[in-house]
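**Student:**
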Amino acid sequence: MTSSAQQGSQLGPLNPGDVVSAALRLYKDRFKTFCQLAALATLWFVAGIFGMGLAVAILVGIGAGVGGEVGAVIGGLVGALVGFLPLLYGSAKYYALSSVIGRLSFRELISQPETALDARRQVAPRLGQFLFLGFLLLLAYMAAYLGVALLAMIAGGSIGFLTAGILSALINEAVGGVMGIVLGGLIGLGILLVALIWIASRLFISEVVLAIEPQSDAGGSMSRSWELTKDSIVRIQVVFLATFLIQLPILAVTNYIPSILLELVPANDTVYGIAAVLSLVLSLVGSLVVLPLWQAVKGVLYYDLRSRREGLDFSLRHDDGSGLGTDL
Amino acid sequence: MPLFNTVTIRTPESVELDFVLAGVGSRAVALTFDYLCLGAGLTGLAVVYSFLLVRLLAIDTLLTIPSETVQLWITAIAAILAFALYVGYFALFETWWYGQTPGKRYAKIRVIRDDGQPERLPQATLRSLLRPIDDILFIGFFCVLLSKTEKRIGDWLAGTLVVQADPVSNGEIQVSERSQAIGKDLLAIVDITRLSPDDFATVREFLQRRQAMSPKAKILVSDQLARRFKDQLAIETLPTEMTTDTFLEALYSAYQQGK
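Dropping the structure here:
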């Protein structure tokens, strides 16, 4: 593994730590490109929200002019409906543009680098699919959350009650009650966390699949992500944790420290307002800087999983990359 | 463009050794793993300590010693043990396992000295004592990220490097007896030296990794490789009917026998 890394040929499957290091390296090498893409994506997202706000404001104004208070309420509702369009468009753009970063990282790894413009051109026609994928993922997470929360409540509750009962009988009611609540809560929370993380890691790379594989659609890329991640749950968890740990220093500067400072600012409205806006901008900058890291990790992970599950590196090694661009 | 930083060490005998540096990712993985282990140990210690303390609060004297004195002693011992665990975990593991802790072993990295020698107790202790300073405000993280040799402050002072451990071959290769026999036959009819060491490495890697592949992809890759090597060795007709997997296993065993 390490020796092939030296030769600059195909890497093949990577350690979880190396997935993160490689992603970080790709990010460092193409810092400007990745940041530009992330900035563009974030701008589209902000523009979507802004568009929605604008639509609501205009229609409320018109409604108020036409029919007073009732008109304003109706105008607001219509505005929210109309404003949904720019919001959806903005989110789809955000999603597609951030996936382009994953695609670029992957192409770099298979030694077929692309320019950002080329990659965007490849991804652009599938904007609708990205929107649909976002919708599907949202549905999947919501359904998973509901199901798992119910399960966690039942399991945590019953274990908590059982512990409380047993300990109350053995020691006393105060100890039993506290231990029961603590144990039940911990177990419920544990089940919730583990199950949600499991599902999130199975669907982790869907949007990168959609950005990379030419004939894929929203549903197809979800099942592809599900299939590729099949035997790699633990590995993905480790990648997840390591990436999370690495983004912490950046987020600490841009997100956490300002929000702590915000609490210390005197309760003067103007000062507080300025500080709040500043911290909002900073947290946007923070997520902008962190976004390419996650996307690059997804791109590298996609390469790693394809090599592991499908021997992608074997095929690339022998074809010298020619004729493979088509069946990616 | 190499994805991982490397470092070349010149030994006193003028032998140049190349090492691949561990990388931020692997170090983060190792750190997470180690802190989880350490956290478990410290939690265990805290549980034992509080259990003892609760018991002691209920009694006045223990073997004629006032309970309060014993409580103080227990507290002092627990504090020392906690410190010893925090420092000792890294220092002792890195010394005993030649520069590895459980986390580093999992992440397949190890600590070595700047001259390529294995890390010993002094270096391990120094790294371990400076760990809290590196953890404050992520100083160590930024040092690793920005310096060319990926050293945190502890590494600078102790004169150590964190490198990738030698890759241990992963996965046994099982070559069936039939494949071995076919390998012998192959050796008789083809010039196995047409297979370069790189080709042999490819065959070996495929045989190692095929278990993890999806069934469809396994057939595809195996077919691809078998066709390529059959052409390369100019084999017109195979000795017997066989699957592509068997052919590759036979090649593997033939190459080993031919050497």
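So the protein lines, in turn, are chains R and L.
Taking our numbering, the leading residue of the first sequence gets 4, the next gets one more, and so forth.
Taking our numbering, the leading residue of the second sequence gets 392, the next gets one more, and so forth.
For each residue, glycine too, the CB sits at the ideal point set by N, CA and C.
For a contact defined as C-beta to C-beta under 9 Å, what are the partners of Asp234(R) on chain L?
**Tutor:** Ordered by position in chain L, the residues that pass the 9 Å Cβ test against Asp234(R) are Ala603.
**Student:** For the stretch 17–32 of chain R, which residues have a CB atom closer than 8 Å to at least one CB atom of chain L, in sequence order?
**Tutor:** Flagged, chain order: Asn18, Pro19, Gly20, Asp21, Val22, Val23, Ser24, Ala25, Ala26, Leu27, Arg28, Leu29 and Asp32.
**Student:** To the nearest angstrom, report how far apart Gly490(L) and Arg501(L) are at their CA atoms.
**Tutor:** Roughly 5 Å separates the two Cα atoms.
**Student:** Any chance you could list the beta strand (DSSP E) runs of at least 3 consecutive residues sitting entirely within the stretch 216–272 of chain R, in chain order?
**Tutor:** Runs found: none.
**Student:** Between Leu483(L) and chain R, is any beta-carbon pair separated by less than 8 Å?
**Tutor:** No - not a single Cβ of chain R is within 8 Å of the one on Leu483(L).
**Student:** With 7 Å as the C-beta to C-beta threshold (strictly closer), list the residues of the stretch 197–209 of chain R near chain L in chain order.
**Tutor:** Flagged: no residues at all.
**Student:** Between which residues of its own chain and Gly180(R) is the CB-CB distance below 6 Å, once the five residues before and five after are set aside?
**Tutor:** Answer for Gly180(R): Ala167, listed in chain order.
**Student:** State yes or no: is the beta carbon of Phe597(L) nearer than 8 Å to at least one beta carbon in chain R?
**Tutor:** Chain R contact via Cβ: present.
**Student:** Would you call the stretch 249–265 of chain R in contact with the stretch 202–220 of chain R, where contact means no fewer than 3 C-beta pairs closer than 8 Å?
**Tutor:** Touching, no.
**Student:** Following the continuous alpha helix (DSSP H) through Arg123(R), name the residue where it begins and the one where it ends.
**Tutor:** Note, Arg123(R): alpha helix (DSSP H), Ala119 to Val126.
**Student:** Distance, Cα to Cα, Gln623(L) vs Leu586(L)?
**Tutor:** If I take the Cα positions, the gap works out to 8 Å.
**Student:** Check each candidate in Asp582(L), Ala470(L), Gln648(L) and Asp589(L) and name the one with the smallest Cα separation from Ile626(L).
**Tutor:** For the residues Asp582(L), Ala470(L), Gln648(L) and Asp589(L), the minimum Cα distance to Ile626(L) belongs to Asp582(L).
**Student:** Does chain L have any CB closer than 8 Å to the CB of Gly179(R)?
**Tutor:** No, no contact with chain L.
**Student:** As a quick exercise: from Ala556(L), Thr516(L) and Ala469(L), pick the residue whose alpha carbon is nearest that of Arg496(L).
**Tutor:** Out of Ala556(L), Thr516(L) and Ala469(L), Ala556(L) has the C-alpha closest to the C-alpha of Arg496(L).
**Student:** Where does Phe533(L) land, buried or exposed, given buried means 16+ other C-beta within 10 angstroms?
**Tutor:** When all chains shown are included, Phe533(L) counts as exposed.
**Student:** In three-state DSSP terms, what is Glu407(L)?
**Tutor:** In the structure shown, Glu407(L) sits in a strand (DSSP, three-state: E or B).
**Student:** Indicate whether Ile104(R) and Pro295(R) have their beta-carbon atoms separated by less than 8 Å.
**Tutor:** Yes, the pair counts as a contact, with Cβ atoms nearer than the cut-off.
**Student:** Contact criterion: CB-CB distance below 8 Å. Does Thr252(R) meet it with respect to chain L?
**Tutor:** At residue 252(R) the sequence reads Pro, which differs from the Thr that was named. It does; some Cβ of chain L falls within 8 Å.
**Student:** Would the stretch 122–142 of chain R and the stretch 215–226 of chain R be scored as touching if the rule is three or more Cβ pairs under 8 Å?
**Tutor:** Judged by Cβ distances under 8 Å, the stretch 122–142 of chain R makes contact with the stretch 215–226 of chain R, as three or more pairs qualify.
**Student:** Assign Asp32(R) to buried or exposed, taking buried as 16 or more other Cβ atoms, counted over all protein chains shown, within 10 Å of its Cβ.
**Tutor:** By the 10 Å Cβ count, Asp32(R) comes out exposed.
**Student:** So which of Gly20(R), Leu165(R), Gln240(R) and Leu29(R) has the shortest CA-CA distance to Arg418(L)?
**Tutor:** Answer by Cα proximity: Gly20(R).
**Student:** In angstroms with no decimal places, state the Cα-to-Cα distance between Glu117(R) and Leu107(R).
**Tutor:** In a straight line, the C-alpha of Glu117(R) is about 6 Å away from that of Leu107(R).
**Student:** Less than 8 Å separating the beta-carbons of Thr36(R) and Leu291(R)?
**Tutor:** Cβ atoms of Thr36(R) and Leu291(R): not closer than 8 Å.
**Student:** Helix, strand or coil, according to DSSP, for Arg543(L) in the structure here?
**Tutor:** Note: Arg543(L) maps to coil in three-state DSSP.
**Student:** At the level of alpha carbons, what is the spacing between Gln602(L) and Pro493(L)?
**Tutor:** So the alpha carbons of these two residues sit roughly 27 Å apart.
**Student:** Tell me the rounded alpha-carbon separation between Arg124(R) and Val59(R).
**Tutor:** Cα-Cα distance, rounded: 33 Å.
**Student:** For Thr551(L), write down the residues that DSSP places opposite it in a beta bridge.
**Tutor:** Arg504(L), per the DSSP bridge assignment.
**Student:** Hey, Asp546(L) and Arg518(L) are a contact pair by Cβ (cut 8 Å); roughly how many whole angstroms apart?
**Tutor:** Confirmed, Cβ separation roughly 7 Å.
**Student:** Thinking C-alpha only, which one of Leu254(R), Tyr98(R), Ala127(R) and Leu304(R) is nearest Lys233(R)?
**Tutor:** Comparing Cα positions, the closest option is Leu304(R).
**Student:** Helix, strand or coil for Ile626(L), going by three-state DSSP, please let me know.
**Tutor:** Three-state result, Ile626(L): coil.
**Student:** Which residues mark the beginning and the end of the beta strand (DSSP E) in which Arg595(L) is found?
**Tutor:** Looking at the DSSP string, Arg595(L) is not in any beta strand (DSSP E); the run it does join, the alpha helix (DSSP H), is Pro588 to Arg600.
**Student:** Could you tell me the distance, in whole angstroms, from the CA atom of Ser570(L) to the CA atom of Arg618(L)?
**Tutor:** Those two C-alpha atoms are separated by around 17 Å.
**Student:** Please state whether DSSP places Gln9(R) in a helix, a strand or coil.
**Tutor:** Residue placement at Gln9(R) cannot be trusted, given a pLDDT of 36 that sits under 50; what the coordinates show is reported in the next sentence. The answer is helix: DSSP assigns Gln9(R) an H, G or I state.
**Student:** Among the residues of its own chain, which have a CB less than 7 Å from the CB of Ala152(R), if the five just before and after it don't count?
**Tutor:** Cβ within range, chain order: Leu195.
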